[in-house]
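Read top to bottom, the protein sequences are chains A and B.
Residue 261 in the working numbering is what sits at position 261 of the first sequence, and the numbering runs on without skipping anything.
Residue 1102 in the working numbering is what sits at position 102 of the second sequence, and the numbering runs on without skipping anything.
Note that the Cβ used here is the ideal one computed from N, Cα and C, for glycine as well.
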Amino acid sequence: MGVMRIGHASLRVMDMAAAVKHYENVLGLKTTMQDKAGNVYLKCWDEWDKYSLVLTPSDRAGLNHVAYKVEKDEDLDALQKRIEAWGVKTTMLPEGALPSTGRMLQFNLPSGHEMRLYAMKEYVGTEVGTQNPDPWPDGLKGAGAHWLDHLLLMCELNPETGVNTVADNTRFMKEALDFFLTEQVMVGPGGAIQAATWMSRTTTPHDIAFVGGPKSGLHHIAFYLDSWHDVLKAADVMAKNRVRIDVAPTRHGITRGETIYFFDPSGNRNETFAGLGYLAQRDRPVTTWTEDRLGSGIFYHTGDLVPSFTDVYT
Amino acid sequence: MIFDTRPKMPVTIAQTGESYPCATDESLLKGMCKLGRRGIPVGCVSGGCGVCKVRIVEGQVTPLGPVSRAHVSAEEERAGFTLACRVAPATAVRLEVAGKFEKPFSKGFAATADRVSP
């Protein structure tokens, strides 16, 4: 069946101790592993594979790569052929290239971001188990996020030179990886330029999103919470921990998500959000946002664009 | 701030001539934000995004944490560039704002807007 869901994000951080403290105490992840290179691996309580976040020590912030999990090992061979046929070069990394992880198909999106696909990651189980489980475990820290849900990549877009890697990525994800489009932002004369897209493989409004910008980068990684009240509580946790909040709790028009945005200690933007918005389906008509109503699409209540949110990324 | 009795140093933004007091244990950016003042672009306030890039023209600053090399090179650092969110004033400081917001969807659109505006 090909790609199932987001598997992990690998982020660069400039202060490992501060980063681990942030993802453990504010988001509620737990460290599951460290490797000799100083990379730290973490997971959320409701995830069953060994890690969903890799923190790597660096002199800058940003994304190393994002990985999606495919259902079967042979899917990797089939997808390698399709990706190469689409015109994107791939490399098959051997098992163990990342600890506790099977072989990984590595390639770059048209926007330049590194993506990897894998079929196997060590199973460790959720914190409530599989037999007569409680709805949530005791001893959760901070926001107690359920799982890594999606990420948003900033992609180079320059209409004057005809560069639009948002549209290129969207076409690639659809044609090579069978993602489907749920929402899009169309701008410019006649609304002809596809400036942002939200795409899915599961039944949630987005498993990945692309937004046009002057250069490619990471806008945010997002973690899932149950309810609007959990979003509010997450904001309390951030205030308690002196976390830089970018956007206080509000709702997106796009995806209908209830959300809060904030920064990790290296300036990588995080989101905790609730509300699945709607059931995303392949035959659900695509939602389009126009340039004049883009503000409402982003922050539904005020309809105002926030410069630190739209223009700042790592 | 009325109830903030911490020792402070004056920080002056060269381009606008605006000045504000900043505590010696607080970043130049936080000090500005706390007073509701503007002048230096505010982004992640964590050393990663680079929009608050400044050049220290006069005075001494104390480093508070790592600054992304993607935004301040070693050479720039020697020339006095840093991020306002990562340094506190040790003395009176005069700075030049070097960072700026780069609008998404903007390349091309902004240029077009400039051409048609009076």
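### Query
Near proline 1007/B, which residues of its chain fall below 8 Å by C-beta distance, leaving aside the five closest residues on each side in sequence?
Ala1023, Thr1024
### Task
Give, in chain order, every residue of the region 1051 to 1078 of chain B whose Cβ lies closer than 9 Å to some Cβ of chain A.
Val1051, Gly1065, Pro1066, Val1067, Ser1068, Arg1069, Ala1070, His1071
### Query
Within 8 Å (strictly less), CB to CB, does valine 1045/B reach chain A?
yes
### Message
What does the alpha-carbon distance come out to for the pair glutamate 175/A and lysine 240/A?
### Response
45 Å
### Query
Beta carbon of serine 227/A, beta carbon of glutamate 156/A: below 8 Å?
no
### Query
With burial defined as no fewer than 16 other Cβ atoms inside 10 Å of the residue's Cβ, what is the status of alanine 61/A: buried or exposed?
buried
### Message
Check whether chain A comes within 8 Å of phenylalanine 1109/B, counting only Cβ atoms and requiring the distance to be less than that.
### Response
Note that phenylalanine 1109/B scores a pLDDT of 48, beneath 50, so its modelled location is shaky and nothing firm can be said.
### Query
In chain B, which residues lie less than 9 Å from arginine 171/A when you measure between Cβ atoms?
Correct list: empty, because the minimum Cβ distance to chain B is about 19 Å.
### Query
Ordered along the chain, which non-local residues of its own chain (more than five positions away) have a Cβ less than 7 Å from that of proline 1063/B?
Arg1086, Val1087
### Query
Which partner residues of proline 1089/B appear in the DSSP bridge assignment?
Val1061/B
### Message
Going by beta-carbon coordinates alone, are glycine 1043/B and cysteine 1033/B separated by less than 8 Å?
### Response
no
#### Entry: Host alpha helix (DSSP H) of proline 307/A (start-end)
307 to 311
### Message
Considering only the alpha carbon of each residue, which of Thr32/A, Glu47/A, Leu152/A, Leu11/A lies closest to threonine 56/A?
### Response
Leu11/A
### Query
Closer than 8 Å, CB to CB, is methionine 186/A near chain B or not?
no
### Task
Would you give the residue range spanned by the beta strand (DSSP E) that glycine 62/A belongs to?
62 to 70
### Task
Please name the residues in the region 1024 to 1046 of chain B whose beta-carbon is closer than 8 Å to at least one beta-carbon of chain A, in chain order.
Pro1041, Val1042, Gly1043, Cys1044, Val1045, Ser1046
### Task
Below 8 Å on the Cβ atoms is my guess for threonine 255/A versus leucine 225/A; work out the distance and round it to an integer in Å.
With a Cβ gap of about 14 Å, threonine 255/A and leucine 225/A do not count as contacting.
### Message
Which of the three DSSP states is assigned to tryptophan 136/A in this structure?
### Response
coil
#### Entry: Within chain B, partners of serine 266/A - CB distance below 7 Å
Ser1046, Gly1047, Gly1048
### Query
If you measure beta-carbon to beta-carbon, which residues of the region 10 to 26 of chain A are closer than 7 Å to chain B?
Met14, Asp15
### Query
In chain order, which continuous runs of the alpha helix (DSSP H) of length 4 or greater are located wholly inside the region 149 to 186 of chain A?
165 to 177
#### Entry: Beta-carbon contacts of phenylalanine 262/A that lie in its chain and below 7 Å, excluding the five residues immediately before and after
Met238, Val243, Arg244, Ile245, Asp246, Asn270
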